Amino acid sequence: MSTPKTLYDKIWNDHLVSENEDGTSIIYIDRHLVHEVTSPQAFEGLKIANRSVRKPNFTLATADHNIPTTNRDEGISDPESKLQVDTLEENCKEHGITFLSMSDKRQGIVHIIGPEQGFTQPGMTIVCGDSHTSTHGAFGALAWGIGTSEVEHVLATQTLVQTKAKNMQINIQGELPLGVTAKDIVLKIIQTIGTAGGTGYVIEYTGDAIKSLTMEGRMTVCNMSIEAGARAGLISPDEKTIEYLKGRPFSPAENEYQSASDYWLSLASDDGAAYDKTVNIDASDIIPQVTWGTSPEDVVSIDGLVPNPEDESDETKKKSMIRALEYMGLVPNTPLKEVKVDKVFIGSCTNGRIEDLRAASKIAKDRKVADHVNAIIVPGSGLVKQQAEEEGLDKIFIESGFEWREPGCSMCLAMNADKLKPQERCASTSNRNFEGRQGRGGRTHLMSPAMAAAAAINGKLSDSREI
Amino acid sequence: MEKFKKIESNAIPLPMVNVDTDMIIPKQFLKTIKRTGLGKNLFYELRYDEKDAPIDSFVLNQDKYKDSQILITGKNFGCGSSREHAPWSILDYGIKCIIASSFADIFYNNCFKNGILPIKLDESEVTKLQKAAENSLSFTIDLENQMISYFDKNINHEVSFELDKAKKTSLLEGLDDIGLTLAKDNHISDFENKQKSRTPWLYSQQIK
């Protein structure tokens, strides 16, 4: 019998084009997602070198980072943003790449539409000029974010030159308590291993609590692998994966579906496969999590207190805690539940899927957003928006006082008009609480959709289970 | 890509940990369709106040570091977004070498695509170099011999560093990665043929 292999080992081996003398490998890339912000310089590079796109039909493009979430009929008013989106459209036309424009109902955040369209499939290698490409790992696809030079490399060659990463297993054992979500799991993981904990690794998430998650929940976990330092996160494909992909526009045709499914299931990590590192976390210990600082590892449970730098023995850490607390305008030892918020953002590639909107709507139903709070809901794609409207979620949100927006990245990175003002505090379902991330001087607390909705209703950080 | 040769310069001390790419180049500067011209906005929110006036206390605004080609900083440098605008802005400013105890993966990789040398050293070594940088001493970075050297009170200090062979060659020779891969086009075509027979559905996908 051959040596037991991990899912990562198997996908790597199945995509090895050749091994170079210097220890690097050429890895074939099955699918490439392209958006407006990280691609113009790559297309420009192709043009200068007189190169073409090797596999236009393995490439899918959309505009998401830099587009408005209101008044779409009026187009894009910011001339720079408009030029960037127009440039992508022209580049796609020139190279024969499918482009889902702002007026296409399938448009949305790249990491939402890939799975939604069945463009994402188990066993694939998938890249995109965006660090949250790790999201697609939920399907057992090896997916990672790349820079623009590598975008150009993939466009021209459909390959990347890579060095193999190490295998890390994060095992979430046991059953998740009621009202605790995928977001809470991943925040707990980042708190446990730190933002550099996964550097140099591909993380595979295993255990009963992971298996019990829906595909949407698995995407939330894999999405934030990069916040734990890992370029890619993976979950072994199972029956849920196969069921999710059935009948989607890019999914294998009916006559090929069985053989594709058999191959997908064969990719799951073998019993006894060796990992370079294993981390165990007990699911039953997790309660809803929120961040207090300016790094995604600055995580506390909602029933906790703002931490005190005086309790930290490491001088460097203490210094960065003091800086973070000052930036966040927080006083040590304040109960989290007493922290008032000004804005609420529900959306992003982390939590902009239908399940996330359903969770938020359950909290919002028959309640009102606090008077001092401005709360926006930004669906992850046009199809998520449509589905939510069919289920009447938009009405629930609007009646509660939330704004119902058009799909895009929006306030997750605040490249468009959706941003925080200095010192504004936001309960956000996005993935980064860096200084200035949601707008200069803006203060971000990361949490799940249910928790963000609860914060909107109560006007302060709250435990969604108590609503 | 420009070849990386020996560089000699003083170094900018930035003793912060987890510096993310949003901090290196904020989102409002990502709307460009060019690679150039980003240097003036490097570390924008640390460097300028809300009225765009330079913040005197920030290290990049100090005259003595105006022409520095080296940045010495804290662990996990370049974490967060994959934006290559981060190394572009660093290079456009004139920095060609970054020294830290660790780097985030994507940023680290992006540096080599732009002729920037990121050097990983033990934290204690980085701390010593930070001190030397604060005193504005001049450093020599010799990539060929993988050596950092500087004179402090007439004593020559030498610190060697590790680097992956492929990455070193790529910097020294300023190689065109895409050209090198395209030279192996027959391997890629062979792979595609093999993959097409093994997993044919990957090749029959059509947008509906």
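First to last, the protein sequences are chains A and B.
Mapping of the first sequence onto our numbering: residues 1 to 467, in sequence order.
Mapping of the second sequence onto our numbering: residues 468 to 675, in sequence order.
Just so it is clear, CB atoms sit at the ideal spot from N, CA and C, and this is done for glycine as well.
Note that the structure is predicted; figures quoted are calculated from it, not measured.
Buried versus exposed call for residue 340/A [16 or more other C-beta atoms within 10 Å across all chains shown]: Counting from one through the first sequence, the residue named residue 340/A turns up at place 340. That one is exposed.
For residue 422/A, count neighbouring Cβ atoms within 10 angstroms of its own Cβ and tell me buried if that reaches 16, exposed if not. Working through the first sequence from its first residue, we reach residue 422/A at position 422. Exposed.
Where residue 416/A falls, given that 16 or more other Cβ within 10 Å makes a residue buried: Looking up residue 416/A in the first sequence gives position 416. Answer is buried; the Cβ neighbour count reaches 16.
Residue nearest to residue 153/A in terms of C-alpha spacing, selected from 15/A, 428/A and 128/A: Position 153 of the first sequence holds residue 153/A. Taking only the C-alpha atoms, the option nearest residue 153/A is 128/A.
Is residue 250/A close to chain B, meaning its C-beta is less than 9 Å from at least one C-beta of that chain? By one-based count along the first sequence, residue 250/A stands at place 250. Yes, contact with chain B.
When the Cα atoms are used, what is the spatial distance from residue 467/A to residue 363/A? As a first step, residue 467/A is located in the first sequence; it is residue number 467 there, counting from the start. As a first step, residue 363/A is located in the first sequence; it is residue number 363 there, counting from the start. Rounded to the nearest angstrom, the two C-alpha atoms are 7 Å apart.
Just mark residue 669/B as buried or exposed, buried being the case when its beta carbon has 16 or more other beta carbons within 10 Å. Reading the second sequence from its first residue, position 202 is the one you call residue 669/B. So residue 669/B ends up on the buried side.
Go ahead and label residue 618/B buried or exposed: buried means 16 or more other beta carbons lie within 10 angstroms of its beta carbon, across all protein chains shown. As a working mapping, residue 618/B is identified with position 151 in the second sequence. Looking at its Cβ environment, which holds fewer than 16 other Cβ atoms inside 10 Å, residue 618/B is exposed.
I need the straight-line Cα distance from residue 55/A to residue 156/A, nearest angstrom please. For the purposes of this step, residue 55/A is taken as residue 55 along the first sequence, with counting starting at 1. For the purposes of this step, residue 156/A is taken as residue 156 along the first sequence, with counting starting at 1. Taking the straight line joining both Cα atoms gives about 8 Å.
Which residues in the same chain as residue 630/B place their Cβ atom closer than 7 Å to its Cβ, once the five residues preceding and following it in sequence are excluded? Residue 630/B sits at position 163 when you count from the first residue of the second sequence. Hits under 7 Å: 613.
Listed in chain order, which residues of the stretch 138–151 of chain A have Cβ atoms closer than 9 Å to some Cβ of chain B? 144, 145, 146, 147, 148, 149, 150 and 151
Residues of the stretch 517–538 of chain B with Cβ closer than 9 Å to any Cβ of chain A, in chain order: 517
Looking at chain A, is there any beta carbon in it that lies within less than 9 Å of the beta carbon of residue 641/B? For the purposes of this step, residue 641/B is identified with residue 174 of the second sequence, where counting begins at 1. By this cut-off, residue 641/B is not an interface position.
Hey, residue 471/B and residue 638/B are a contact pair by Cβ (cut 8 Å); roughly how many whole angstroms apart? The residue given as residue 471/B occupies position 4 in the second sequence. The residue given as residue 638/B occupies position 171 in the second sequence. Yes, they are in contact, since the Cβ atoms of residue 471/B and residue 638/B sit about 4 Å apart, within 8 Å.
At a Cβ cut of 8 Å, what residues of the stretch 78–97 of chain A count as close to chain B, listed as they run along the chain? 78, 80, 81, 83, 84 and 87
What do you get for residue 52/A, buried or exposed, if any count of 16 or more other CB atoms within 10 angstroms of its CB means buried? As a first step, residue 52/A is located in the first sequence; it is residue number 52 there, counting from the start. Exposed, since its Cβ has fewer than 16 Cβ neighbours within 10 Å.
DSSP three-state call for residue 220/A: helix, strand or coil? In the first sequence, residue 220/A corresponds to position 220, counting from 1. Looking at residue 220/A - three-state DSSP - the assignment turns out to be helix.
Any chain B beta carbon closer than 9 Å to residue 179/A: Locating residue 179/A in the first sequence gives position 179, where the first residue counts as 1. Answer no: the Cβ-Cβ gap between residue 179/A and chain B never drops below 9 Å.
Report yes or no: do the stretch 596–604 of chain B and the stretch 570–580 of chain B share at least 3 C-beta pairs separated by less than 8 Å? no
Have a look at 231/A, 427/A and 321/A and flag the residue whose alpha-carbon is nearest the alpha-carbon of residue 478/A. It is not possible to answer for residue 478/A, since the shown part of chain A is limited to 1 through 467.
Bridge partner(s) assigned by DSSP for residue 108/A: As a position in the first sequence, residue 108/A is number 108, starting the count at 1. According to DSSP, residue 108/A bridges with 381/A.
Comparing the C-beta of residue 484/B with each C-beta of chain A, is any distance below 9 Å? If you number the second sequence from 1, residue 484/B lands on position 17. Yes, residue 484/B counts as interfacial toward chain A.
For residue 107/A, return the contacting residues in chain B, with the cut-off set at a CB-CB distance below 9 Å. What you label residue 107/A is simply residue 107 of the first sequence in a count that begins at 1. Result: empty, since nearest Cβ-Cβ is about 14 Å, beyond 9 Å.
Are the CB atoms of residue 378/A and residue 347/A within a distance shorter than 9 Å? Within the first sequence, the letter at position 347 stands for residue 347/A. Within the first sequence, the letter at position 378 stands for residue 378/A. Result yes, Cβ atoms of residue 347/A and residue 378/A sit closer than 9 Å.
Give the residues of chain B in contact with residue 413/A, contact being defined as C-beta atoms less than 7 Å apart. Your numbering for residue 413/A matches position 413 in the first sequence. 494, listed in chain order.
Buried versus exposed, by CB contacts within 10 Å (16 or more), residue 665/B: Along the second sequence, one-based indexing puts residue 665/B at 198. With fewer than 16 Cβ atoms within 10 Å of its Cβ, residue 665/B is classed as exposed.
Hey, could you find the ends of the beta strand (DSSP E) residue 524/A is sitting in? The structure shown does not extend to residue 524/A, since chain A spans only 1 to 467, so no value can be given for it.
Runs of beta strand (DSSP E) lying entirely within the stretch 81–130 of chain A, each at least 3 residues, in chain order: 98–100 and 125–128
I'd like to check one pair, residue 67/A with residue 381/A: are the Cβ atoms closer than 9 Å? Position 381 of the first sequence, counted from the start, is the residue given in the question as residue 381/A. Position 67 of the first sequence, counted from the start, is the residue given in the question as residue 67/A. No.
Kindly list, in the order they appear in chain A, the residues whose Cβ is closer than 9 Å to that of residue 501/B. If you number the second sequence from 1, residue 501/B lands on position 34. Chain A residues near residue 501/B: 40, 41 and 44.
On the DSSP letters alone, give me the boundaries of the alpha helix (DSSP H) that residue 45/A sits inside. What you label residue 45/A is simply residue 45 of the first sequence in a count that begins at 1. 40–48 is the extent of the alpha helix (DSSP H) around residue 45/A.
Using three-state DSSP, classify residue 472/B as helix, strand or coil. Along the second sequence, one-based indexing puts residue 472/B at 5. If DSSP states are grouped into helix, strand and coil, residue 472/B belongs with coil.
Residue 472/B CB to nearest chain A CB: under 9 Å? Along the second sequence, read from residue 1 onward, the residue named residue 472/B stands at position 5. Chain A contact via Cβ: absent.
Which two residues bound the contiguous alpha helix (DSSP H) that contains residue 190/A? Residue 190/A sits at position 190 when you count from the first residue of the first sequence. Note, residue 190/A: alpha helix (DSSP H), 182–193.
Excluding five sequence neighbours on each side, which residues of the same chain lie with their C-beta closer than 7 Å to the C-beta of residue 132/A? As a first step, residue 132/A must be located in the first sequence, where it is residue number 132. These residues qualify, in order along the chain: 111, 145, 223, 226, 349 and 431.
Write down the C-beta distance between residue 267/A and residue 26/A rounded to the nearest angstrom, noting that I regard them as a contact closer than 8 Å. As a first step, residue 267/A is located in the first sequence; it is residue number 267 there, counting from the start. As a first step, residue 26/A is located in the first sequence; it is residue number 26 there, counting from the start. Between residue 26/A and residue 267/A the Cβ distance is about 21 Å, and since that is not below 8 Å, they are no contact.
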